[in-house]
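Asks: After the structure tokens below, expect a handful of questions from me.
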């Protein structure tokens, strides 16, 4: 009897809740709505002038981990494993080539962004010219990223250092040749600037209208510390 | 869009068309330590095998701590350990493969009571021998041989005298108090100068000897120890004599003399003669003098403005000028031998003790240490490229060294413990 009443009461309560919920439902959920991203921002005031400065960046990390010779024990690793150069192994040209090819491919995909027109721009369009300039800007930034110089060079000498490196770039962005055309007189610096260009290669394939120029005359970079 | 246009303009402005070839300009190099491979020393005879161990440890530390090099781990070396020491016998490709830009090879031999070391330095890319140098040292002190050879390499690159044959002084807690020690730059070969009592604030005397404040008499006065004789009192005045500092030419002494609540800086002869008061602030403290490299000025600490701050003045007390205005607890100045900056200890708003430098000309404060335990009591190397300091990182207070701009912080290879107040002199 009581169980029957209790069940009936519960059924009634659930029914009322469902009906009320349907009558007073809020706005329908928008399933296509993009998630709203919220990020915490610091509204804080600038650091008090009276306080001692803090380092903005963490102190430079310790020197990169040295190459370690790992003894290979037990069964041979599968072919897909990265090969560790053994003492007598010669650099595998094939492997390097594959790597460069892969890099070239990614380079090709990275097409320069299309520029929007300017109100007072050239009516015949100067996209090609701008693209060329943009390519030189790109060259600058990839070479600069590799512009590492030994700090054994004396500070007084750093001020007068200046070297020019000239290089030619192939259609696929490969480095055809590179040379220090105006040495600084400091061998360490000259080697460093040469290495900066070599390490930056291969480059993104150049846009069509400057390919010939880059292949024939090449490009020069003047380095100063 | 606007930003992109400006960026484009910057690129265009740096593109110069000349001789049919486009010329770009790049500046702002990343200066970084040179990757250096130091091959294990080769021994030419049985007798040089024992000293080779200490020699090698000292040489490796010198290169690692001086801030110029990134010393590569030998575990990664691909070259044969028995590889020769001449350019024709070295397979440079194997050194290139481990990332070395320079390679050091050494060879040891016994020559009577001495151990002789031959060092060759190679540029790995060109495979060329750049430096060949031979030195010798008593077989009982192979570290000295390492320091001499490391100095030759240092000088080859920087054209400056290296710091490896300099000496340092520091104090260490003992069972009965605190003792003064003088050692090699790396804390090795330490000689105990005092024996018992409390001895603090050592100052190396140019040309030899060390001065320090000692409680060996009734009051803490200034003593000097030279040679093997007993320490002699140099200055006994007021209630306490602290912070002795000798001018770089070794002729003059600056010291702080306390009387009651007041401490003033005095200047006089290096033998403690003709002492004259050069600060005069009545109710405040003026302490920790440090000479400028030209001997014409002094940096010091004063609390005349309410909190301890770094000041500079002429060696005669003229033109006293406050240099630090940030922080409320700035102490222990050390004037760079290059003249441009003064290193000091500061307590920041988090109550952490850290090291800073202040530019003498424009008062710009730069932080050197951060979030690495407590760091105090900086002192410059005689060539101004390094700073030694005490740190509590890693447990215990020990000596550490870093470059003048705060890079490459590394502990001295010495026993930790309560080590304080380093001084550093040629």
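Chains as they are written, first to last, in this note's numbering: chain A, 9 to 233; chain X, 13 to 438.
Idealized CB from N, CA, C, for every residue including glycine.
Predicted model only: the values in this text are computed from it and were never measured.
#1: Alpha carbon to alpha carbon, what distance is there between residue 270 of chain X and residue 312 of chain X?
#2: For residue 202 of chain A, does the count of other Cβ atoms within 10 angstroms reach 16, so buried, or fall short, so exposed?
#3: Can you grab the Cα-Cα spacing for the pair residue 183 of chain X / residue 410 of chain X, in whole Å?
#4: What would DSSP say about residue 95 of chain X, mapped onto helix, strand or coil?
#5: Is it a yes or a no for the stretch 173-182 of chain A touching the stretch 115-124 of chain X, going by three-plus beta-carbon pairs under 8 Å?
#6: Go through the stretch 45-109 of chain X residue by residue and report every complete run of the beta strand (DSSP E) that reaches 3 residues or more, in order.
#7: Taking only the alpha-carbon atoms, compute the straight-line gap between residue 342 of chain X and residue 350 of chain X and give it to the nearest angstrom.
#8: Exposed or buried, what is residue 318 of chain X when buried is set at 16 or more other beta-carbons lying within 10 Å of its beta-carbon?
#9: Starting from residue 171 of chain X, find everything on chain A with Cβ-Cβ shorter than 7 Å and list it in chain order.
#10: Excluding sequence positions up to five away, which residues of its chain have a Cβ less than 7 Å from the Cβ of residue 93 of chain A?
#11: Using the Cβ count rule (16 or more neighbours within 10 Å means buried), how would you classify residue 333 of chain X?
#12: What does residue 156 of chain A reach in chain X if we use C-beta pairs closer than 9 Å?
#13: Write down the C-beta distance between residue 219 of chain X and residue 174 of chain X rounded to the nearest angstrom, noting that I regard them as a contact closer than 8 Å.
#14: Is the stretch 57-67 of chain X close to the stretch 143-155 of chain X, with three or more CB pairs under 8 Å?
#15: Considering residue 166 of chain X, what are the terminal residues of the alpha helix (DSSP H) in which it resides?
#16: Check whether the Cβ atoms of residue 169 of chain A and residue 231 of chain A sit closer than 9 Å, and answer yes or no.
#17: With distances taken Cα to Cα, identify the nearest neighbour of residue 130 of chain X among X:162, X:147, X:96 and X:114.
#18: Taking beta-carbon pairs under 7 Å, can you tell me which members of the stretch 66-81 of chain X lie near chain A?
#19: Compile a chain-ordered list of the residues in the stretch 79-104 of chain X whose CB is closer than 9 Å to at least one CB of chain A.
#20: Is the Cβ of residue 229 of chain A closer than 9 Å to any Cβ of chain X?
#21: Check distances from the C-beta atoms of the stretch 197-210 of chain A to those of chain X and list, in chain order, the residues that come in under 7 Å.
#22: Return helix, strand or coil for residue 348 of chain X, following the three-state DSSP convention.
#23: Along the chain, where does the alpha helix (DSSP H) that runs through residue 416 of chain X open and close?
#24: Please return the same chain residues whose Cβ sits closer than 6 Å to the Cβ of residue 185 of chain X, not counting the five positions on each side in sequence.
#25: Closest to residue 306 of chain X by C-alpha separation, out of X:77, X:60, X:259 and X:289, would be which residue?
#26: Examine chain X for any beta-carbon lying closer than 9 Å to the beta-carbon of residue 216 of chain A, and answer yes or no.
#27: Mark residue 150 of chain X as exposed unless 16 or more other C-beta atoms lie within 10 angstroms of its C-beta, in which case mark it buried.
#28: Could you check whether the stretch 162-178 of chain X touches the stretch 384-391 of chain X, counting it as contact only if at least three pairs of C-beta atoms, one from each stretch, sit closer than 8 Å?
#29: Hey, quick one: how far does the beta strand (DSSP E) through residue 213 of chain X stretch, first residue to last?
#30: What would DSSP say about residue 382 of chain X, mapped onto helix, strand or coil?
#31: Mind listing the chain X neighbours of residue 233 of chain A? Cutoff is C-beta to C-beta under 9 Å, in chain order.
#32: What residue does the beta strand (DSSP E) around residue 172 of chain A start on, and which one ends it?
#33: Can you find the residues in the same chain that come closer than 7 Å, C-beta to C-beta, to residue 111 of chain X, ignoring five residues on each side of it along the sequence?
#34: In this structure, how does DSSP classify residue 436 of chain X when only helix, strand and coil are distinguished?
#35: Start and end of the alpha helix (DSSP H) containing residue 206 of chain A?
Replies: In brief:
#1: Within the second chain, the letter at position 300 stands for residue 312 of chain X. Within the second chain, the letter at position 258 stands for residue 270 of chain X. CA-to-CA, the gap between residue 312 of chain X and residue 270 of chain X works out to about 15 Å.
#2: As a first step, residue 202 of chain A must be located in the first chain, where it is residue number 194. Classification of residue 202 of chain A: buried, given that the 10 Å Cβ count is 16 or more.
#3: Locating residue 183 of chain X in the second chain gives position 171, where the first residue counts as 1. Locating residue 410 of chain X in the second chain gives position 398, where the first residue counts as 1. So the alpha carbons of these two residues sit roughly 11 Å apart.
#4: Here residue 95 of chain X is taken as the residue at index 83 of the second chain, counted from 1. For residue 95 of chain X, the secondary structure class from DSSP, reduced to helix, strand or coil, is coil.
#5: In the pairwise beta carbon analysis, the stretch 173-182 of chain A is classified as not touching the stretch 115-124 of chain X: fewer than three pairs are separated by under 8 Å.
#6: Annotation note: the stretch 45-109 of chain X contains the following uninterrupted beta strand (DSSP E) runs of length 3 or greater, listed N- to C-terminal: 46-50 and 81-83.
#7: For the purposes of this step, residue 342 of chain X is taken as the residue at position 330 of the second chain. For the purposes of this step, residue 350 of chain X is taken as the residue at position 338 of the second chain. Straight-line Cα distance between these residues: approximately 21 Å.
#8: As a position in the second chain, residue 318 of chain X is number 306, starting the count at 1. Residue 318 of chain X comes out exposed.
#9: In the second chain, counting from the first residue as 1, residue 171 of chain X sits at position 159. Under the 7 Å cutoff, chain A gives 162.
#10: Residue numbering aside, residue 93 of chain A sits at position 85 when the first chain is read from its first letter. Since pLDDT at residue 93 of chain A reaches only 46, below the 50 mark, its modelled position is unreliable, and no value is offered.
#11: Taking the first residue of the second chain as position 1, residue 333 of chain X is located at position 321. Under this definition residue 333 of chain X is an exposed residue.
#12: The count along the first chain starts at 1 and reaches residue 156 of chain A at position 148. 41, 42, 43 and 44, listed in chain order.
#13: Numbered from 1 along the second chain, position 207 holds the residue referred to as residue 219 of chain X. Numbered from 1 along the second chain, position 162 holds the residue referred to as residue 174 of chain X. The beta-carbon separation of residue 219 of chain X and residue 174 of chain X, rounded to 20 Å, does not stay under the 8 Å limit for a contact.
#14: With a cut-off of 8 Å, the stretch 143-155 of chain X and the stretch 57-67 of chain X count as touching, because enough Cβ pairs lie within range.
#15: By one-based count along the second chain, residue 166 of chain X stands at place 154. From DSSP, the alpha helix (DSSP H) with residue 166 of chain X extends over 154-170.
#16: Within the first chain, the letter at position 161 stands for residue 169 of chain A. Within the first chain, the letter at position 223 stands for residue 231 of chain A. Contact check for residue 169 of chain A against residue 231 of chain A passes: the beta carbons are separated by less than 9 Å.
#17: Locating residue 130 of chain X in the second chain gives position 118, where the first residue counts as 1. It is X:147 whose Cα lies nearest to the Cα of residue 130 of chain X.
#18: For the stretch 66-81 of chain X, which is checked against every Cβ of chain A, the residues closer than 7 Å are 80.
#19: For the stretch 79-104 of chain X, the beta-carbon criterion of a distance under 9 Å to any beta-carbon of chain A is satisfied by 79, 80, 81, 82, 83, 84, 85, 86, 87, 88, 89, 90, 91 and 92.
#20: Against the first chain, residue 229 of chain A aligns to sequence position 221. At least one chain X Cβ lies under 9 Å of residue 229 of chain A.
#21: Considering only beta carbons, the part of the stretch 197-210 of chain A lying closer than 7 Å to chain X consists of 199, in chain order.
#22: Residue 348 of chain X sits at position 336 when you count from the first residue of the second chain. If DSSP states are grouped into helix, strand and coil, residue 348 of chain X belongs with coil.
#23: By one-based count along the second chain, residue 416 of chain X stands at place 404. Run containing residue 416 of chain X: none; DSSP gives neither H nor E here.
#24: In the second chain, residue 185 of chain X corresponds to position 173, counting from 1. Cβ within range, chain order: 430.
#25: Reading the second chain from its first residue, position 294 is the one you call residue 306 of chain X. For the residues X:77, X:60, X:259 and X:289, the minimum Cα distance to residue 306 of chain X belongs to X:259.
#26: Looking up residue 216 of chain A in the first chain gives position 208. Residue contact with chain X for residue 216 of chain A: absent (no Cβ-Cβ distance below 9 Å to any residue of chain X).
#27: Here the question's residue 150 of chain X lines up with position 138 in the second chain. With a threshold of 16 other beta carbon atoms within 10 Å, residue 150 of chain X falls short and is exposed.
#28: Segments in contact, no.
#29: Residue 213 of chain X sits at position 201 when you count from the first residue of the second chain. Element bounds for residue 213 of chain X: 211-216.
#30: Here the question's residue 382 of chain X lines up with position 370 in the second chain. Assignment of residue 382 of chain X by DSSP, reduced to helix, strand and coil, places it in the coil class.
#31: For this step, residue 233 of chain A is matched to residue 225 along the first chain. Contacts between residue 233 of chain A and chain X, judged by CB atoms closer than 9 Å, involve 39, 40, 41 and 43 in chain order.
#32: For the purposes of this step, residue 172 of chain A is taken as residue 164 along the first chain, with counting starting at 1. Its beta strand (DSSP E) spans residues 171-177.
#33: Residue mapping note: residue 111 of chain X aligns to position 99 of the second chain, counting from 1. 47 and 84.
#34: Residue 436 of chain X sits at position 424 when you count from the first residue of the second chain. Correct three-state label for residue 436 of chain X: strand.
#35: Residue mapping note: residue 206 of chain A aligns to position 198 of the first chain, counting from 1. Per DSSP, residue 206 of chain A belongs to the alpha helix (DSSP H) from 195-208.
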